[in-house]
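Student: Line order of the protein sequences matches chains A and B.
Numbering follows UniProt numbering, with no gaps: position 198 of the first sequence is 198.
Numbering follows UniProt numbering, with no gaps: position 221 of the second sequence is 221.
There are 2 protein chains.
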Amino acid sequence: MIEKIHLSIMREINRQGSLTAAASSLNLTQSALSHSIKKLELQSGIALWLKDGRQIRLTEAGNYLLEQANRVLPQFERIDETLRQFAGNERGSLRVGMECHPCYQWLLKVVQPFLAQSPGVDIDVKQRFQFGGMAALFNYDIDLLITPDPILKEQIMFEPVFPYELVLVVGQSNKLSALTQLEPADLTDQTLLTYPVETARLDIFQQFLLPAQCMPRLHKTLEATDIILQMVAANRGVTAMPKWLALEYAQKLPVKALRLGNSGINKHIYVGYRKHEQHNTHLQTFIRLAKQQASLITAG
Amino acid sequence: MIEKIHLSIMREINRQGSLTAAASSLNLTQSALSHSIKKLELQSGIALWLKDGRQIRLTEAGNYLLEQANRVLPQFERIDETLRQFAGNERGSLRVGMECHPCYQWLLKVVQPFLAQSPGVDIDVKQRFQFGGMAALFNYDIDLLITPDPILKEQIMFEPVFPYELVLVVGQSNKLSALTQLEPADLTDQTLLTYPVETARLDIFQQFLLPAQCMPRLHKTLEATDIILQMVAANRGVTAMPKWLALEYAQKLPVKALRLGNSGINKHIYVGYRKHEQHNTHLQTFIRLAKQQASLITAG
DNA sequence: AAAATTCAATGAAATTTAGTCATAGGTAGC
DNA sequence: GCTACCTATGACTAAATTTCATTGAATTTT
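(1) Taking only the alpha-carbon atoms, compute the straight-line gap between S295 (chain B) and K51 (chain A) and give it to the nearest angstrom.
(2) Can you tell me where the beta strand (DSSP E) holding N266 (chain A) begins and where it ends?
(3) Below 6 Å, is the gap between the Cβ of R78 (chain B) and the nearest heavy atom of the ligand ZN?
(4) Check each candidate in A:Q206, A:E159 and A:R259 and name the one with the smallest Cα separation from L182 (chain A).
(5) For the putative contact between L33 (chain B) and I2 (chain B), defined by C-beta atoms under 8 Å, what is the C-beta separation to the nearest angstrom?
(6) My output table needs one value for V238 (chain A): the three-state DSSP class, helix, strand or coil.
(7) Residues of chain A with a CB under 7 Å from the CB of I287 (chain B): which are they?
(8) If you measure from the beta carbon of D143 (chain A) to each beta carbon in chain B, is any gap under 7 Å?
(9) Does Y64 (chain A) come out as helix, strand or coil in the three-state DSSP assignment?
(10) Considering only DSSP beta bridges, list what S93 (chain A) is partnered with.
(11) Counting only runs that start and end within the UniProt domain "HTH lysR-type" (1-59) of chain B, where is the beta strand (DSSP E) found for 3 or more residues in a row?
(12) Flag this pair as yes or no: are the beta carbons of S25 (chain A) and E12 (chain A) separated by less than 7 Å?
(13) May I ask you to list the residues that DSSP assigns as paired with A257 (chain A)?
(14) Would you report the Cα separation of S44 (chain A) and P119 (chain B), rounded to the nearest angstrom?
(15) Could you give the DSSP three-state label for Q251 (chain A): helix, strand or coil?
(16) I'd like to check one pair, H282 (chain A) with L94 (chain A): are the Cβ atoms closer than 7 Å?
(17) Can you tell me where the beta strand (DSSP E) holding K220 (chain A) begins and where it ends?
(18) Cα separation between I79 (chain B) and M134 (chain A)?
(19) For A61 (chain B), would you say it is in contact with chain A, using Cβ-to-Cβ distances shorter than 7 Å as the test?
(20) Thinking just about the alpha-carbon of each residue, which of A:T191, A:L210 and A:L193 is nearest to the one in A200 (chain A)?
(21) Within 8 Å, do at least three Cβ pairs link the segment 171-191 of chain B to the segment 256-270 of chain B?
(22) Under a Cβ-count criterion, where at least 16 other Cβ atoms within 10 Å of its own Cβ denotes burial, should E122 (chain A) be classed as buried or exposed?
(23) For the segment 263-281 of chain A against the segment 162-181 of chain A, are there 3 or more C-beta pairs whose distance is under 8 Å?
(24) Any beta-carbon of chain A closer than 7 Å to the one on L83 (chain B)?
(25) To the nearest whole angstrom, what separates the beta carbons of G272 (chain A) and M157 (chain A), a pair I think is in contact under 8 Å?
(26) Mind checking whether T298 (chain B) and F162 (chain B) have CB atoms under 7 Å apart?
(27) Go through its chain and collect everything with a Cβ distance to P196 (chain B)'s Cβ below 7 Å, but skip five positions before and after it.
(28) Among A:D143, A:L42, A:E248 and A:K4, which has the Cα closest to the Cα of P74 (chain A)?
(29) Rounding to the nearest angstrom, what Cα-Cα distance links G17 (chain B) and A212 (chain A) in this structure?
(30) If you draw a straight line from the C-alpha of Y249 (chain B) to the C-alpha of H268 (chain B), how long is it?
(31) Would you report the Cα separation of K291 (chain B) and K38 (chain A), rounded to the nearest angstrom?
(32) Closest by CA to N89 (chain B), which one among A:L58, A:A47 and A:Q112?
(33) So for Q207 (chain A), helix, strand or coil by DSSP?
(34) Identify the continuous alpha helix (DSSP H) that holds L283 (chain B) and give its terminal residues.
(35) Quick one: residues in its chain with C-beta nearer than 6 Å to the C-beta of V110 (chain A), no 5 flanking neighbours on either side, listed in chain order?
(36) Starting from T147 (chain A), trace the beta strand (DSSP E) both ways and give me its first and last residue.
So, in structure tokens, the structure goes:
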């Protein structure tokens, strides 16, 4: 069986033109090389060199093997180089899971500087999970989970990244837009638009409507944030979203952000990761950039 | 540095799902494999597997290396297979040199059965030599030389392949076509068409005209046999070629073959090869087929 | 033409490397 | 909690690679 060293020998003898020179270039004695090639030819059952006196000429088979050496060896060299990059943390990938639909715009603002800073590191964003984000984190389907609802577990570390207030967004022609602050009962004759996830994961239900045993007149689900906002602007319904995002939309569309309850619904976005990976450089770089971006938003 | 064995280990652990199974599949003990991978991870300075209890999961770097293993190892397997073919004489190439222009048609009839019989062996035909066919043979530019003029040398073996008579081909409207046999003087008012080689290599000069101190009225050279024959048919000149080839053309064109001198010019085509390669299977196969084809022609 | 130099091959010895054995510590399943 | 199975580890061993010392042959130099 041909080994890598055999390919190296073929290439080096060809490059150097003599056994002695090839040997020293391979950090071997001439004797070792002589033994090696003899064994190789014996094992493969075929002459690779024609030796006339001290002249060395490749046989056909030898020439073939040389070609292969020049083809295969660079592949090993690239593997070595890439592995060195992995070891030096210059290469890798970060699989980010998102359980926070409206955070997508913000995530984009984190990904950009991250990619610029770590040229060898790829980012993959997943938004659909068969058994939820936590399971995906456990199963190594993702490395980082962005969620407003951390679940405390022994193995998983959660860090708050930025605080936000959940507000209700209504169209300017909606009668509610006259108010500055809402009570649960205000929604009973409204159409509520949300992402298509279980109500258990919608804070507008969990923290606002259900405690007061109120329900909206109608609950419709939509995939795309932009479309939801268009609907709200047309007064076809109302929706809940982080205040910072609502304010962004309010600049472009005739919508208004209203506080939910007396003191508002205040939450945090968290990032979670497997505890034993807390020293993963890429992970921490990402979190640092995420916090940085978050502070820009909350400040603005 | 990554070695082939490391790639094999990556692939086998992935295939088998456990160290123990991979070890036995590699004909190693579990211990040996454990030692190996530990050393590999230590040397490359990077974890390739995450081991949680008895579960094994690849790290990113490990996954990368696995991909490379699945890409590179098959290349080794192909090299091994090809080398085995070389060793079993099922593969190789034969570089044939030709110093006999009209033999080309005949060569094609030899090449065809050869390629069919030896699927792994390529044939390369060379017709132009910087320093002549013998030098090419010496320099390993060709393995076999087909020539009507063997030069006896210590290192080179020549074998006659088939006898032929050199005849003059004239157009049917040529006045010579009335004769059955020619004397040198008959050509003094003719245009002689030959291949563009030195007259020293043209038997019509060496063996017929020059001994009688005769010369044709005009000597024109042409590259292509077919064109020469067209010219002869149009009575624009005469040419010399082996009788068997002349007869083939006589069936398609209005030309006639005439004997040169009393008993004709009788020659042989020879094949020459380096003496120490007399046991080269492909060479001997080729020569056998060549003789076979020759006997078909001389019989017909 | 002789001498000196360079190169490759070889056998024996030495060294390094890889592999085995025996064993211990865990985890998963019953 | 028991059993079966898997991995890790240290000491030992076998095998392989490499070196050393030497020889013979081919080139080059003198």
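Cβ atoms here follow ideal geometry from the backbone N, Cα and C, with glycine treated the same way.
Values in this document were obtained by computation on a predicted structure and should not be read as measured data.
Tutor: Let me lay it out:
(1) Against the second sequence, residue 295 (chain B) aligns to sequence position 295. Against the first sequence, residue 51 (chain A) aligns to sequence position 51. Each residue's alpha carbon lies about 38 Å from the other.
(2) Here the question's residue 266 (chain A) lines up with position 266 in the first sequence. Element bounds for N266 (chain A): I265 to R274.
(3) The ligand ZN is not part of this structure, which contains no ligands at all.
(4) Here residue 182 (chain A) refers to the residue found at position 182 of the first sequence. Taking only the C-alpha atoms, the option nearest L182 (chain A) is A:R259.
(5) The residue labelled residue 33 (chain B) in the question sits at position 33 within the second sequence. The residue labelled residue 2 (chain B) in the question sits at position 2 within the second sequence. That belief does not hold up - the Cβ atoms of L33 (chain B) and I2 (chain B) are roughly 16 Å apart, past 8 Å.
(6) Position 238 of the first sequence holds residue 238 (chain A). Note: V238 (chain A) maps to strand in three-state DSSP.
(7) The residue labelled residue 287 (chain B) in the question sits at position 287 within the second sequence. Within 7 Å Cβ-Cβ: nothing; I287 (chain B) doesn't reach chain A, min ~18 Å.
(8) As a first step, residue 143 (chain A) is located in the first sequence; it is residue number 143 there, counting from the start. No, D143 (chain A) does not count as interfacial toward chain B.
(9) For this step, residue 64 (chain A) is matched to residue 64 along the first sequence. In the structure shown, Y64 (chain A) sits in a helix (DSSP, three-state: H, G or I).
(10) For this step, residue 93 (chain A) is matched to residue 93 along the first sequence. DSSP, once it has assigned bridges, lists A:D122 as partnering S93 (chain A).
(11) 49-52 and 55-58
(12) For this step, residue 25 (chain A) is matched to residue 25 along the first sequence. For this step, residue 12 (chain A) is matched to residue 12 along the first sequence. A contact, by the Cβ cut-off of 7 Å.
(13) As a first step, residue 257 (chain A) is located in the first sequence; it is residue number 257 there, counting from the start. Paired residue(s): A:V169.
(14) For the purposes of this step, residue 44 (chain A) is identified with residue 44 of the first sequence, where counting begins at 1. For the purposes of this step, residue 119 (chain B) is identified with residue 119 of the second sequence, where counting begins at 1. Going by the C-alpha atoms only, they are around 21 Å apart.
(15) Taking the first sequence and counting its residues from 1, one reaches residue 251 (chain A) at position 251. In this structure, Q251 (chain A) counts as coil in the three-state DSSP scheme.
(16) Taking the first residue of the first sequence as 1, we reach residue 94 (chain A) at position 94. Taking the first residue of the first sequence as 1, we reach residue 282 (chain A) at position 282. In contact: L94 (chain A) and H282 (chain A) (Cβ atoms closer than 7 Å).
(17) Here residue 220 (chain A) is taken as the residue at index 220 of the first sequence, counted from 1. Note, K220 (chain A): beta strand (DSSP E), L218 to T221.
(18) Residue mapping note: residue 79 (chain B) aligns to position 79 of the second sequence, counting from 1. Residue mapping note: residue 134 (chain A) aligns to position 134 of the first sequence, counting from 1. Answer to the nearest angstrom: the Cα atoms are 47 Å apart.
(19) Counting from one through the second sequence, the residue named residue 61 (chain B) turns up at place 61. Closer than 7 Å: yes.
(20) On the first sequence, position 200 is the one that residue 200 (chain A) refers to. Ranking A:T191, A:L210 and A:L193 by Cα distance to A200 (chain A) puts A:L210 first.
(21) yes
(22) To locate residue 122 (chain A), count along the first sequence from 1; it is residue 122. Looking at the sequence itself, residue 122 (chain A) is Asp, so the reference to Glu does not match. By the 10 Å Cβ count, D122 (chain A) comes out exposed.
(23) yes
(24) As a first step, residue 83 (chain B) is located in the second sequence; it is residue number 83 there, counting from the start. Yes, L83 (chain B) counts as interfacial toward chain A.
(25) Taking the first residue of the first sequence as 1, we reach residue 272 (chain A) at position 272. Taking the first residue of the first sequence as 1, we reach residue 157 (chain A) at position 157. G272 (chain A) to M157 (chain A), Cβ: 7 Å. Contact.
(26) Along the second sequence, read from residue 1 onward, the residue named residue 298 (chain B) stands at position 298. Along the second sequence, read from residue 1 onward, the residue named residue 162 (chain B) stands at position 162. Result yes, Cβ atoms of T298 (chain B) and F162 (chain B) sit closer than 7 Å.
(27) Your numbering for residue 196 (chain B) matches position 196 in the second sequence. So the qualifying residues of the chain are T221 and E223.
(28) The count along the first sequence starts at 1 and reaches residue 74 (chain A) at position 74. Of the listed residues, the one whose Cα sits closest to P74 (chain A) is A:K4.
(29) As a first step, residue 17 (chain B) must be located in the second sequence, where it is residue number 17. As a first step, residue 212 (chain A) must be located in the first sequence, where it is residue number 212. Using only the alpha carbons, I get a separation of about 54 Å.
(30) Counting from 1 along the second sequence, the entry for residue 249 (chain B) is found at position 249. Counting from 1 along the second sequence, the entry for residue 268 (chain B) is found at position 268. Cα to Cα, the separation comes out at about 20 Å.
(31) As a working note, residue 291 (chain B) is residue 291 in the second sequence. As a working note, residue 38 (chain A) is residue 38 in the first sequence. Their backbone Cα atoms lie some 38 Å apart in a straight line.
(32) As a working note, residue 89 (chain B) is residue 89 in the second sequence. N89 (chain B) has its Cα closest to that of A:A47, out of A:L58, A:A47 and A:Q112.
(33) Translated into the one-based positions of the first sequence, residue 207 (chain A) becomes position 207. Correct three-state label for Q207 (chain A): helix.
(34) Here residue 283 (chain B) refers to the residue found at position 283 when the second sequence is read from its first residue. Counting along the chain, the alpha helix (DSSP H) containing L283 (chain B) begins and ends at T281 to A299.
(35) Stepping through the first sequence from its first residue, residue 110 (chain A) is reached at position 110. For V110 (chain A), where only same-chain residues beyond five positions count, the Cβ hits under 6 Å are L289, A290 and Q293.
(36) The residue given as residue 147 (chain A) occupies position 147 in the first sequence. Taken as a continuous stretch (DSSP letters only), the beta strand (DSSP E) holding T147 (chain A) covers L144 to T147.
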